[in-house]
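According to numbering that gives the first Met the number 0, the sequence shown is numbered sequentially starting from 0. Don't be surprised by glycine CBs; every beta carbon is placed ideally from N, CA and C. Computed from a prediction, not measured in an experiment: that's the story for all the values here. The structure appears right after this line, and notes come after that.
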Amino acid sequence: MNNKYSIFLFIFLLFGISTNAMVQPIVDAPKVVLTDIPFEITVTSASSQDFCNYSLELNDAIYTPENCSDSDQITFSNLVLSKKAAYTARLSLNGQVLSSNKIEAVWGWVSILPPVASIIIALLFRSVIPALFFGIWIGSFAILGFNFRVVWQSFLDVIATYVKSALANADHAAIIIFSLMIGGLVGIISKNGGMYGVVNSLLRFTTNPKRGQVITATMGLAIFFDDYANTLVVGNTMRKITDKLKISRAKLAFLVDATAAPVACIALITTWVGFQLGMIDASIQQIDAVTESAYLIYLKSIAYSFYPIFMLVFVMTIAGTGRDFSSMYKFETESRIGRDPSIQSSEIGYSNTAETDRLEPKDPSRARAFNAVIPIALFIGSVIGGLFVTGEGNSVQEIIGSADAYKALLWGSMIAVVSAVLLTLVQGIMSLEEAVQSWYEGVKFMVFAIIVLIMAWSLAETTELLQTANYLSSILDELLPVALVPTTIFILAAATAFATGTSWGTMGIFYPIVVPLVWQILSVNGVADPEHFYILYSSIACVLCGAVWGDHCSPISDTTIMSSMASGCDHIDHVTTQLPYALVVASIALLLGTLPTGFGVPAWLMILIGIATVVSSVFILGKKVD
């Protein structure tokens, strides 16, 4: 009998606990807030009948909820704390305290320390990964209250909390896998001779300097899926051809460099896409009002990527007309008479032996273009098919916007890698072990980028928790007109990339704060609506464009150095001859692209005007090389 009572009592208590758990409200309160910056606390409950009786006690003040009768969630808005201290927010119902939440208030300027520290460290030490790590550490330190007693704990939290959180995200994992697979694909189709087959199929058209330049630029466009592979393959392959045609090494280095990152960053399926999607996705997750997918936003931002578009037009115009200006004209003129001053000395410069060896085909006599064309075609087709399979809607835009881009990219990359391996094995070009090793060598090229990506995700989480965008918006919303936001972002990103020498590192630092900052500025100015989303698209594009421009011009940039070494060009000669060209194109992109579209001028119109101006500038500034 006692057992029956015990069971009955247990069930009764369990029912009581479950009932209490169901009605217990869920409080969403920030762990850290900024002094004098408004914030809010939301409360969610299964029962809304008592919502109007809830109250919040914070800093000896009592707050009542807004819109307490029409939903299952209430919000306590416009909460402000003026002093740096630890506070307790107590939620009460009819005088009974239901929950307590600890909130740390820190000075507003503390919120910008993580990105600012990252930029400064990157500038001082020319290394992005330590810079991002230090930025995350500063952010973790601020989140724990900006108190020296938590220095060690904040250091440990960099890996234990923020990096782990970045890796635990399913979308982040998909991007990492995709990036590794694409890197591996590049390794396989390089080693099996596929990429060299594509290159060799174009070489028969090179009969004079003008055609040689056009073919070199065309090859740069053909190898669109990775800037590193583009640089190393085109530079090393075309060097003997351009030497025979008396094209200067400086010109070759420019053609290689100017068709590497620009095409890789705006082509729809490249090694850059995963990185950019990861950055955009992490940023828009901080904005509830933005419902478009990261992939759709990326696609829409391409129309505002004026610098890469104009640079590609500039390259083809320079190559097709045989015109040059500034120091490049001097180098080309000297080279035509057999005195190329830009040839890299054997005693100085950068060695590309290791990188070139990794991309050299195992058997150059069996270099066949279809070994690269088929996997890449399958890759593109599979991704497009995957977008349509996973998406829904009545239009292409709706389908792509609702599609699972990460799943499509994973499908496409896996199919491409498997097809590349099968083609290699069927023809007996390599053994399975050698094919896997080639895949692994390609993966190595992506390791640095993936580490930067993970660190950037972690930094983004700290800036979100610290409400960095809210603080910057409170400062800039009255000082910076909405129309000038994209232009300002371009200039800042370009300066950072030039000083640090890395486009990916610059994007990793800027994306986490730029997107939420732009949204805050739009909100404060009352234009956070779909009609003004072009400012957001343009700002996202300007991070990319500024990063690519700075990377192009920086003497310490990895791709600039690789272009020099792959082309056998003196590095300083490459920098000094490319800089005037990059400045001309960047000026046109800013003045006839980013700036007008900031005021609402259609992007397509400025693309047409900009292209016409780019072509005209070559004829106005350039002279034909005899």
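- Here residue 511 is near residue 282, since their CB atoms are less than 8 Å apart.
- Around the beta carbon of residue 155, fewer than 16 other beta carbons sit within 10 angstroms, so the residue counts as exposed.
- Relative to residue 460, the option among 255, 208 and 280 whose CA is nearest is 280.
- Where residue 39 is concerned, the enclosing beta strand (DSSP E) starts and stops at 38-43.
- Bounds of the beta strand (DSSP E) holding residue 95 are 95-105.
- Residue 230 is a Cβ neighbour of residue 558, given a cutoff of 8 Å.
- Taking all protein chains in view, the Cβ of residue 55 is crowded by 16 or more other Cβ atoms within 10 Å, so the residue is classified as buried.
- Note on geometry: alpha-carbon atoms of residue 418 and residue 375 lie some 9 Å from one another.
- The beta-carbon distance between residue 24 and residue 90, rounded to whole angstroms, is 7 Å. This is short enough to meet the 8 Å contact definition.
- As computed with DSSP, residue 27 is found in a beta bridge with 41.
- Between residue 149 and residue 102, the C-beta spacing is not below 8 Å.
- In this structure, the CA atom of residue 190 is about 19 Å from the CA atom of residue 269.
- The three-state reading of DSSP puts residue 130 in helix, counting H, G and I together.
- Inter-residue distance for residue 260 and residue 572 is about 20 Å (C-alpha atoms, whole angstroms).
- The three-state reading of DSSP puts residue 285 in coil, since its state is none of H, G, I, E or B.
- Taken through DSSP and simplified to helix, strand or coil, residue 550 comes out as helix.
- Per DSSP, the continuous beta strand (DSSP E) segment holding residue 77 begins and ends at 72-78.
- Under DSSP, residue 86 forms a beta bridge with 102.
- In this structure, residue 366 places its C-beta atom within 8 Å of the C-beta atom of residue 195.
- Considered as a whole, the region 191-238 harbours 193-202 and 208-221 as its complete alpha helix (DSSP H) runs of no fewer than 4 residues, in chain order.
- In the pairwise beta carbon analysis, the region 385-392 is classified as touching the region 403-414: at least three pairs are separated by under 8 Å.
- The DSSP-derived three-state label of residue 322 is strand.
- As summarised for the region 122-178, there are no continuous beta strand (DSSP E) elements at least 3 residues long confined to that stretch.
- If only uninterrupted alpha helix (DSSP H) runs of at least 4 residues are considered, those enclosed by the region 422-505 are 431-464, 467-475 and 484-499.
- Take residue 313, set aside five residues on each side of it, and the residues of its chain with a beta-carbon closer than 6 Å to its own are 584 and 613, in chain order.
- The beta carbon of residue 497 lies closer than 7 Å to those of 549, 552 and 553 in the same chain, with the five residues before and after it left out.
- Within the DSSP bridge table, the entry for residue 60 names 57 as partners.
- Residue environment analysis places residue 489 among the buried positions, since at least 16 neighbouring C-beta atoms fall within 10 angstroms of its C-beta.
- Judged by DSSP secondary structure, residue 387 falls within the alpha helix (DSSP H) whose first and last residues are 369-389.
- Within the same chain, 322, 323, 324 and 328 come within 8 Å of residue 622 by CB-CB distance, once the 5 residues on both sides are set aside.
- In the DSSP assignment, the residues bridged to residue 622 are 323.
- Taking 8 Å as the cut-off, the Cβ atoms of residue 258 and residue 211 do not count as close.
- Distances from the alpha-carbon of residue 516 to those of 467, 492, 402 and 480 put 467 closest.
- By the criterion of a C-beta distance shorter than 8 Å, residue 535 is surrounded in its chain by 289, 296, 514, 517, 518 and 521, once the five residues flanking it on both sides are discounted.
- Between residue 503 and residue 171, the CB-CB gap reaches or exceeds 8 Å.
- Judged by beta-carbon spacing, residue 416 lies within the 8 Å limit of residue 180, meaning their Cβ atoms are closer than that value.
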